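Each number in the numbering used here corresponds to the 1-based position in the sequence shown with 1 added.
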Amino acid sequence: MKKVAIAIAIIAAIAAAVFAWLMNSTSGQDALFKRVVHAVMSRPPDTFDGLRVVICGSASPLGNVPDRAQACIAVVTPEHFFLFDVGARSPMRIAQANLPMGRLNGVFITHFHSDHIAALPDVNLASWVQGRGAPLAVFGAEGIDRVVDGFNLAYALDRGYRTAHHGADMLPPDRGPMQASTFQPGDIVWQDDNMRVTSFVVEHPPIEPAVGYRVDYRGRSVVISGDTNAADTLFAAAEGADLLFHDALSRTLLDPMIEVGTNLQLAVGPRIMRDVIDYHADVTTLPERSAEAGITQLVLYHMVPAPPNSLAERMFIRGLPEGVIVGADLQTFDLPPGSDEIVVHAP
Ligand SMILES: [Zn+2]
Ligand SMILES: [Zn+2]
């Protein structure tokens, strides 16, 4: 027994010495770095034979939470890759999730608040560099052309520099500008043999139009709310869906924040926090509405305020039935076709 303990101690000491050499010598650092680079560069995108949904951003603008990017949901199948909203910091999550940017089919925008569109130029560039075969399609209701035209104009010089530097064979100029595609809320926005993306009106006054989306793929379905109160139109469109990602506002967190800010006589914070109450869904209303609509799994995202730690997360869902998921960046949901199963992967 004593001999075994001595052997383990010797092995641990040798491992510690090797690790110290790797970290502190230039040749050790070079060797270690090359191995890590090889592992990262040779890793193919993860694949899954079914409908995969990844949270690439779970925050709202309210709350300063470094662990959460702003609104973004990725939907990936063997044949498709779509993003639904691309808020600030979401490209970092998309890269961390190793999503297949070279085959990005398009971006669906729910409305034109900055926390849903800010990363469009970065997503456009990342997919262009990685070989996207056509201009990036950006779908939205009336107004999307203004958003896309504006970004295209602002980034025209950048695109020119990059093509001049890397060559038109790598960055074809005709695939650089994004292409806006306008639809009427309620339209089927995109469709092929296996997938259908349907839009529906939501309630986010005074923002009009504001829409959500339902994705159906080989018998499985996911609904993405964008920003809205608990809306009849959404629950009608979400009837029987497997997964609902819904924005959610917690008075349990917001009310004390308003009270403290008011007592401190802060000029801006309490007013903004009061204003947002009327255009996001109160989280306490969502589980019952979801159950009535026959939705299997409710996932909260675009949380107002974005909970910064587990204490705030517990308060966010206080009083809610078990099973409601507080979404986290990089949380992944796999829906195999021909089944009711929802496999949830932790971030
Ligand atoms: Zn928002
Ligand atoms: Zn909004």
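Glycine is no exception: its CB is placed at the ideal position from the N, C-alpha and C atoms. Note that the coordinates shown come from a computational prediction; the quantities given were computed from them, not determined experimentally.
Three or more Cβ pairs drawn from the region 268 to 284 and the region 236 to 250 lie within less than 8 Å of each other, which places the two stretches in contact. Comparing alpha carbon positions, the residue from Leu255, Asn264, Pro288 and Pro178 closest to isoleucine 273 is Leu255. Close to ligand 2, as judged by a C-beta nearer than 5 Å to any of its heavy atoms, are the residues His114 and Asp228, in chain order.
Counted as a single uninterrupted DSSP element, the stretch harbouring histidine 205 is not any beta strand (DSSP E), since DSSP gives it neither H nor E.
For alanine 249, DSSP records a beta bridge to Met304.
Taking non-hydrogen atoms of ligand 1 into account, the C-beta of serine 251 is found less than 7 Å away from none of them. In this structure, ligand 1 has no non-hydrogen atom nearer than 7 Å to the beta-carbon of serine 59. Within a 10 Å sphere around the beta-carbon of methionine 171 sit fewer than 16 other beta-carbons, which makes this residue exposed. Arginine 36 sits exposed, since fewer than 16 C-beta atoms from the chains shown fall within 10 Å of its C-beta.
Non-local C-beta neighbours of proline 288 in its own chain, meaning closer than 7 Å and more than five positions away in sequence, comprise Leu299, Leu321, Pro322 and Val325, ordered along the chain. Runs of the alpha helix (DSSP H) lying entirely within the region 80 to 136 and spanning at least 4 residues, in chain order: 91 to 97, 115 to 118 and 121 to 130. Beta-bridge annotation (DSSP): glycine 227 is not paired with any residue. For asparagine 153, the CB contacts under 8 Å within the same chain, skipping 5 residues up- and downstream, are Pro178 and Met179 in chain order.
Comparing C-alpha distances from serine 340 to each of Leu245, Pro210 and Arg219 shows the shortest one belongs to Arg219.
For serine 28, the three-state secondary structure derived from DSSP is helix. Here glutamine 30 is exposed, its C-beta having fewer than 16 other C-beta atoms within 10 Å. Pairing serine 91 with isoleucine 118, the inter-Cα distance amounts to about 10 Å. Checking the 7 Å criterion, the Cβ of histidine 166 is out of range of every heavy atom belonging to ligand 1. The distance from the Cβ of valine 223 to that of valine 198 is about 10 Å, inconsistent with a contact at the 8 Å cut-off. Inter-segment contact for the region 156 to 173 and the region 104 to 113 is absent: fewer than three beta-carbon pairs are separated by less than 8 Å. Of the heavy atoms belonging to ligand 1, none sits nearer than 7 Å to the Cβ of alanine 232. DSSP places arginine 44 in the coil class of the three-state scheme, outside both helix and strand. When C-alpha distances from phenylalanine 334 are compared across Arg221, Val149 and Gln266, the shortest belongs to Arg221. The region 59 to 73 makes contact with the region 291 to 311; the number of CB pairs closer than 8 Å reaches 3 or more. Between the C-alpha atoms of isoleucine 74 and valine 261 there is a straight-line separation of about 33 Å. By the beta-carbon neighbour count (other beta carbons within 10 angstroms, threshold 16), histidine 205 is buried.
A distance below 8 Å between beta-carbons, with the five flanking residues on each side excluded, links arginine 44 to the following residues of its chain, in chain order: Asn99. Set against 7 Å, the gap from the CB of histidine 117 to the closest heavy atom of ligand 1 is smaller. Taking valine 76 as the centre and dropping the five residues before and after it, the same chain places the C-beta of Val54, Phe83 and Val216 closer than 6 Å to its C-beta, in chain order.
At least one heavy atom of ligand 1 sits closer than 7 Å to the Cβ of histidine 303. Secondary structure of alanine 60 (DSSP, three-state): strand. For isoleucine 145, the uninterrupted alpha helix (DSSP H) run begins and ends at 145 to 155, by DSSP. If you draw a 10 Å sphere on the C-beta of glycine 134, you find fewer than 16 other C-beta atoms in it, and that means exposed.
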